[in-house]
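Numbering (numbering that gives the first Met the number 0), first residue to last: 0 to 377. Built from N, CA and C at the ideal position, the CB exists for glycine as well.
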Amino acid sequence: MLSRMFRANPSVAGRMLFPNERDVGRRTEAAIELGRMIARQHAKDAFDLMQRDGSVRPELVNLSAFLDEPDEDVRYRVEGLWPRDGRVLLAAQFKAGKTTLVGNLLRSLVDGDDFLGTFTVERADRVVLLDDELAPGMVRRWLRDQAIRKTDAIDLVSLRGSLSSFDILNPTIRSEWAERIGPADVLVLDCLRPALDALGLSEDKEAGRFLTALDELVREAGVSELLLVHHMGHSNERSRGDSRLLDWPDAIWKLVREDGDDSDVPLARFFSAVGRDVEQPEVRLAFDPDDRHLSINGPSRSRARAGDLEVAVRECVRQNPGCSQNAIEDKVEGKTNYVRQAVANLVRDGWIRIEKQGRTHHHYEVDGGAAAEFSENP
């Protein structure tokens, strides 16, 4: 009741605060300042109401009616990797080729080419790329190398040097960007960190605020799918920053690199994906420098290492027929568990047979023609 009275007549509050008649000046100043504060609060409430007027309020649905609705089959923008209406976070190691992967994705989305030469794509009529890292000239060269046929289906904005204009935390500015971007099938933002820096947001604690605003932008713009590119930390293979980055996407794509021991050995790239209705084990990617196309051409790092050990184990057994398990582990370089697994794989696949003499297991190589005979020999 008192608050209503003060709002209606701030001078009443001034008299209550300074009842002494000699405090007329202080009483007047208090009443004026209180009136200003009330006016500012009224203006803020009115502004907040204006912003909320355009927001979508979800409907309340009874569970019985909700469960009566038929389930839809899972649809993918990229088969097995990107569910329709889904959010994807591409987490890439430093210099692993994230921009090249994004270029390959854009080409597949609008031309309908299989992504990475393997995954079928539901072609998009319009894709928007927001790039805040590369200079426009570099983006132009790299996308030209992709030889995209349906270039009219892609619109792009180079935000480098003008990221402060992308303040999507501000509802008015967000609506302006939504009008410029949408409608579209796919939005790609490459990448997160510069956008956070421009808004003064902490990567460790405040990335979630940006993600919430990004979801609002996508909804308002009428965009079906969103891919957000982010850097991994230098010391591990997970996205840097706010844990919200792991909860937010429907799928997480990982792109990592592995350098050879020799400078002449080319860089190896590995891709994997996990998420809701997404499970793609790690695979090796081949890179064609002429057109910057990527394609799957090999197994994961762990499987590749196991393959190298299997070759070494076979050579050891070939040179030392009848050798024991301990002898193999002594002669073959590698972690003991990996060597043992390599031996087990070769026995399972019929390339090595075991003869037990007393308590010792003797290992012998089986040539290709006899491998099937021993393929189930324990």
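Minimum C-alpha distance to K204 - residue among D214, R192, R358: R192
Assigned exposure category for G274 - 16 Cβ within 10 Å defines buried: buried
According to DSSP, simplified to helix, strand and coil, what is P170? helix
Integer-rounded CB distance, given that V101 should sit under 8 Å from V277: That belief does not hold up - the Cβ atoms of V277 and V101 are roughly 18 Å apart, past 8 Å.
Enclosing beta strand (DSSP E) for K97 [first to last residue]: No beta strand (DSSP E) contains K97, which is instead part of the alpha helix (DSSP H) from 97-110.
With distances taken from CA atoms, which of Y363, A123, Y337, R268 is nearest S308? Per the sequence shown, the amino acid found at residue 308 is Leu instead of Ser. When each option's Cα is compared against that of L308, the closest is Y337.
Between L210 and chain B, is any beta-carbon pair separated by less than 8 Å? Among the chains of the structure shown, chain B does not appear; only one protein chain is present.
So what does L129 bridge to, in DSSP terms? V156, L188
Any idea which residues DSSP pairs S271 with across the strands? K253
Which residues DSSP lists as bridging F114, in chain order: F118
I think D110 touches I147, with their Cβ atoms under 8 Å apart; what is that distance to the nearest whole Å? 6 Å
One or two residues paired with T359 in a DSSP bridge: Q356
Whose C-beta lies closer than 6 Å to the C-beta of R39 among residues of the same chain, with five residues either side of it excluded? none
Straight-line Cα distance separating I351 from A343: 9 Å
Out of curiosity, what's the CA-to-CA distance linking W379 and L216? Here the chain has residues from 0 to 377 only, and residue 379 is not among them.
Please report the residue range of the alpha helix (DSSP H) in which L142 lies. 135-144
For L254 and L89, which I take to be in contact (beta-carbon distance under 8 Å), what is that distance rounded to the nearest angstrom? 7 Å
What first and last residue would you give for the beta strand (DSSP E) that runs through N325? Taken as a continuous stretch (DSSP letters only), N325 belongs to no beta strand (DSSP E), being part of the alpha helix (DSSP H) at 324-330.
Opening and closing residue of the beta strand (DSSP E) in which L200 lies: L200 -> no beta strand (DSSP E), and no H or E assigned at all.
Would you mind sorting I31 into buried or exposed? The rule is 16 or more other CB atoms within 10 Å of its CB. exposed
In terms of residues, what are the limits of the alpha helix (DSSP H) holding A343? 335-347
Nearest by alpha-carbon distance to L208: which of V222, S242, A29, A177 is it? Checking the sequence shown, residue 208 turns out to be Arg, not Leu. Closest option to R208, Cα to Cα, is S242.
Is E132 near the ligand PLP - that is, is its Cβ less than 7 Å away from at least one heavy atom of it? With respect to the ligand PLP, the structure shown offers nothing to examine, as it has no ligands at all.
Do the CB positions of D131 and L105 come within less than 8 Å of each other? no
If distances are taken between C-alpha atoms only, which option among G333, Q279, D166 comes closest to A311? G333
Rounded separation between N319 and A303 - CA only: 24 Å
N169, buried or exposed, once every other Cβ within 10 Å from all chains shown has been counted against 16: exposed
Between the beta-carbon of L226 and the beta-carbon of V282, is there less than 8 Å? no
Specify the secondary structure class of W81 as computed by DSSP and reduced to three states. strand
Range covered by the beta strand (DSSP E) that runs through V392: Coverage of the chain is limited to positions 0 through 377, which leaves residue 392 absent and any answer about it impossible.
With burial defined as no fewer than 16 other Cβ atoms inside 10 Å of the residue's Cβ, what is the status of L66: buried or exposed? exposed
Based on DSSP bridge pairs, tell me the residues matched to T225. As written in the sequence, residue 225 is Leu, which differs from the Thr given in the question. For L225, which the question treats as bridged, DSSP gives the partners R86, L186.
Between the Cα of K94 and those of P288, G199, M231, spot the shortest distance and give me the residue it belongs to. M231
CB of I153 within 8 Å of CB of L128, strictly: yes
Any idea if T99 is buried or exposed, counting beta-carbon neighbours within 10 angstroms, 16 or more meaning buried? buried
Range covered by the beta strand (DSSP E) that runs through S294: 292-297
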